[in-house]
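A short write-up of the structure that comes next.
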Amino acid sequence: MVGPVKMWLLTFRKFCRKEYPACQRLPVLINFASYLLVMPGEIIADLYDKYGERLLEQNVRTFLQFRGKVNKGIRNTIKNEPEMFFAYNNGLTATAENVQTDILHGRIQSVTNFQIVNGGQTTASIFTATKKNKAELSKVYIQVKLTVISPEQAETVVPRISEYANTQNKVSAADFFSNHPFHLRMEEISRRLWAPSPQGGLRETHWFYERARGQYANAQANLTQAQTKEFLSKNPRSQMFTKTDLAKFEYSLNMQPHIVSLGAQKNFAKFANEIGQNWEKNEKQFNELYFQNIIAKAILFHFLDKSIMKQSWYGGYKANIVTYSLAKLARMVSETGKNLDLTQIWKSQKLSIALETQLMAIAELVNEHIQNTPEGITNVTEWCKKELCWKKLQELSIPLNHDLVAGLLDNDVINSQEKSAEKVQKTDDGIFAQKYVIEKGAEYWKQVARYGMEGAFLSPKEMSIIGIACEIPNKIPSEKQSEIVVKIEEKLKNEGFFV
């Protein structure tokens with residue numbers, strides 16, 4: 001029988017070479033000794049290479065689930081931002097039967113029966129990234145929580161450590177959502193799509209979508225004064241919006257003002273989860289029309305945001321009044337069985353007089369409503385976070401302006417617009433895919449095909465299609481074939497391929 005995993009002094013000296021302590025025993029624990037460590041990714045890979053499954057014997061289910069796979073997020077971080085691995089990754093939870101430390105320096109000398117009870121995917125992914133893909137791990141560090149458990153207690157305690165480590169509330173991947181294809185597409189559309197001039201002239205502008213923080217400033221960082229002036233004329237500061245702004249626009253008009261009132265980050269987290277699910281169902285719905293509708297909602301939002309402070313009745317709670325007023329407008333319109341003409345707002349880049357008048361009438365009543373808090377609640381901001389506040393506002397009867405009603409659109413018109421936009425997006429996807437495949441070139445696709453063949457990841461049909469890409473420029477894959485090639489690439493990236 002193979003003995004327990006034991007790591008001696010040589011192993012730990014590799015990462016204890018700096019002058020800071022590599023681990024620390026927590027004094028508050030009575031029944032168990034526990035340490036916090038910062039381990040280099042190289043050590044994790046070496047340990048897995050040497051001990052393999054034995055590192056995960058007490059977490060076999062987790063190991064089997066991830067064996068041979070490399071998590072895409074982990075792989076991309078190792079490849080593109082290795083120095084951020086420590087910040088992005090949740091770390092490992094490990095146990096041991098015995099730990100010997102250097103009392104003077106507080107550094108671990110040896111560990112007996114070292115077991116990774118949570119973090120099997122991270123471990124396997126780091127190993128696969130370096131061994132199969134030759135990834136550089138010199139900047140990769142990972143946090144480790146190590147608890148010493150006696151053999152007598154291991155059978156009952158270790159499973160619970162593993163279970164609880166896997167069931168604690170986790171930060172959703174949606175919180176790190178800026179690289180999701182949805183945001184990449186919104187960014188791409190925002191950079192190329194010109195918004196009409198509100199004056200009806202020739203001066204067109206962009207609505208600049210800041211997918212990642214600082215993009216707007218970075219785009220101007222190295223420009224001359226003249227170039228900066230030109231950039232700002234095409235990308236006005238008033239037309240820059242962020243991910244959290246987008247989420248506020250959407251959820252306000254989607255009648256969830258109580259969620260918006262929770263704050264930008266909580267609202268965005270919910271929005272991101274919903275977008276992720278909807279993208280998987282049908283990513284073609286997120287197209288130019290969707291972007292134009294987002295901008296129409298932004299124009300509605302900005303109008304209220306600027307206008308309500310000028311009103312004699314205004315006394316605060318602007319953010320809540322704005323989102324609740326937009327939600328109430330959307331509710332009133334939906335009750336007619338029709339829809340706001342968002343396309344017209346996009347085309348004119350401003351609101352009609354009828355719509356402006358309607359919004360201000362709603363906003364004044366919303367102001368009264370949210371400040372009329374129920375018994376037991378005195379904080380208006382907290383009241384606005386409750387769904388009951390929204391339900392009560394829905395019960396409030398507010399007449400719709402006749403001129404506004406006359407401009408509403410029937411459902412069949414909206415459905416026709418959406419279907420047409422999805423068809424255009426499908427065509428665009430094919431064009432972009434073909435352009436991407438051709439630009440990558442035959443040598444790149446030969447590497448992809450080789451990886452797929454060696455790992456037996458691809459079907460004969462997939463091998464046949466990617467074979468066409470391997471013959472560029474003698475053969476050019478069609479748009480449809482190119483989309484399949486891109487999907488094959490994504491599939492193999494999930495299996496650990498990258499260059």
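Note that the UniProt record's numbering gives residue 232 to position 232 of the sequence shown, counting from 1, and the numbers run on in steps of one. Just so it is clear, CB atoms sit at the ideal spot from N, CA and C, and this is done for glycine as well.
Inter-residue CB distance, residue i and residue j (contact presumed, cutoff 8 Å)
{"i": "Thr-150", "j": "Glu-97", "result": "Here the sequence assigns Ser to residue 150, which means Thr is not the residue at that position. Correct: roughly 7 Å between the Cβ atoms."}
{"i": "Thr-123", "j": "Leu-55", "result": "7 Å"}
{"i": "Ile-308", "j": "Ile-321", "result": "6 Å"}
{"i": "Leu-404", "j": "Leu-355", "result": "6 Å"}
{"i": "Asn-267", "j": "Lys-248", "result": "6 Å"}
{"i": "Val-380", "j": "Tyr-451", "result": "Actually they are not in contact, since the Cβ atoms of Val-380 and Tyr-451 sit about 58 Å apart, beyond 8 Å."}
{"i": "Phe-208", "j": "Met-240", "result": "4 Å"}
{"i": "Ile-414", "j": "Asn-339", "result": "5 Å"}
Per DSSP, the bridge partner or partners of residue i
{"i": "Ala-219", "result": "Answer is none; Ala-219 lacks a bridge partner."}
{"i": "Phe-241", "result": "Tyr-209"}
{"i": "Ala-96", "result": "Val-148"}
{"i": "Ser-110", "result": "Gln-100"}
{"i": "Tyr-48", "result": "Paired residue(s): none; Tyr-48 is not in a bridge."}
{"i": "Tyr-141", "result": "Pro-40"}
{"i": "Gln-121", "result": "Note: Gln-121 sits in no beta bridge, so no partner."}
{"i": "Gln-115", "result": "Thr-95"}
{"i": "Asn-133", "result": "Answer is none; Asn-133 lacks a bridge partner."}
{"i": "Leu-409", "result": "Asn-339"}
{"i": "Ala-195", "result": "Thr-205"}
Neighbour-count burial assignment, residue i, 16 or more Cβ in a 10 Å radius
{"i": "Gly-52", "result": "exposed"}
{"i": "Arg-237", "result": "exposed"}
{"i": "Gln-100", "result": "exposed"}
{"i": "Tyr-324", "result": "buried"}
{"i": "Ala-456", "result": "exposed"}
{"i": "Trp-313", "result": "exposed"}
{"i": "Trp-194", "result": "exposed"}
{"i": "Asn-80", "result": "exposed"}
{"i": "Glu-489", "result": "buried"}
{"i": "Ser-138", "result": "exposed"}
{"i": "Pro-257", "result": "buried"}
{"i": "Glu-454", "result": "exposed"}
{"i": "Met-39", "result": "buried"}
{"i": "Glu-250", "result": "buried"}
{"i": "Ile-294", "result": "buried"}
{"i": "Gln-425", "result": "buried"}
{"i": "residue 554", "result": "In the structure as shown, the chain begins at 1 and stops at 499. Residue 554 is therefore absent and cannot be evaluated."}
{"i": "Thr-224", "result": "exposed"}
{"i": "Lys-297", "result": "buried"}
{"i": "Leu-202", "result": "exposed"}
{"i": "Ala-449", "result": "buried"}
{"i": "Gly-214", "result": "exposed"}
{"i": "Glu-227", "result": "What sits at residue 227 in the sequence shown is Gln, not Glu. Per the 10 Å Cβ criterion, exposed."}
{"i": "Ala-421", "result": "buried"}
Contact check, residue i vs residue j, beta carbons under 8 Å
{"i": "Ala-219", "j": "Leu-146", "result": "no"}
{"i": "Ile-259", "j": "Lys-328", "result": "no"}
{"i": "Thr-336", "j": "Leu-396", "result": "no"}
{"i": "Phe-86", "j": "Ile-44", "result": "no"}
{"i": "Phe-301", "j": "Ser-252", "result": "yes"}
{"i": "Asn-189", "j": "Glu-283", "result": "Reading off the sequence, residue 189 comes out as Ile, not Asn. Cβ atoms of Ile-189 and Glu-283: not closer than 8 Å."}
{"i": "Val-144", "j": "Val-117", "result": "no"}
{"i": "Val-148", "j": "Phe-32", "result": "yes"}
{"i": "Ile-126", "j": "Gly-73", "result": "no"}
{"i": "Glu-136", "j": "Pro-82", "result": "yes"}
{"i": "Thr-205", "j": "Lys-229", "result": "no"}
Close-in-space but distant-in-sequence residues of the same chain around residue i (CB under 8 Å, 5 per side omitted)
{"i": "Trp-279", "result": "His-180, Pro-181, Phe-182, Phe-286"}
{"i": "Ile-431", "result": "Glu-479"}
{"i": "Glu-418", "result": "Gln-285, Leu-289"}
{"i": "Pro-198", "result": "Ser-348, Gln-349, Lys-350"}
Beta-carbon proximity list for residue i, same chain, < 7 Å, skipping 5 on both sides
{"i": "Thr-357", "result": "Asn-401"}
{"i": "Arg-331", "result": "Met-255, Gln-394"}
{"i": "Leu-262", "result": "Lys-385"}
{"i": "Leu-359", "result": "Phe-303, Leu-304, Ser-325, Leu-329"}
{"i": "Lys-487", "result": "none"}
{"i": "Leu-365", "result": "Leu-396, Ile-398"}
{"i": "Thr-378", "result": "none"}
{"i": "Ala-212", "result": "Ser-178"}
Contacts around residue i, its chain only, beta-carbon distance under 6 Å, and the 5 residues preceding and following it disregarded
{"i": "Ile-429", "result": "A small correction: the amino acid at residue 429 is Asp; Ile does not occupy that position in the sequence shown. Result list for Asp-429: empty, nothing under 6 Å."}
{"i": "Ala-469", "result": "Val-437, Trp-445, Pro-477, Val-485"}
{"i": "Ser-482", "result": "Ala-433, Gln-434, Val-437"}
{"i": "Phe-176", "result": "Low local confidence applies: a pLDDT of 47 at Phe-176 is under 50, so the model's placement there is unreliable, with the coordinate-based value given in what follows. Nothing meets the Cβ criterion."}
{"i": "Glu-462", "result": "Ile-488"}
{"i": "Gly-376", "result": "none"}
{"i": "Trp-383", "result": "Thr-373, Ile-377, Cys-389"}
Contact with chain C by residue i, beta-carbon distance below 8 Å
{"i": "Gly-73", "result": "Reference to chain C is not applicable here, since this structure consists of a single protein chain."}
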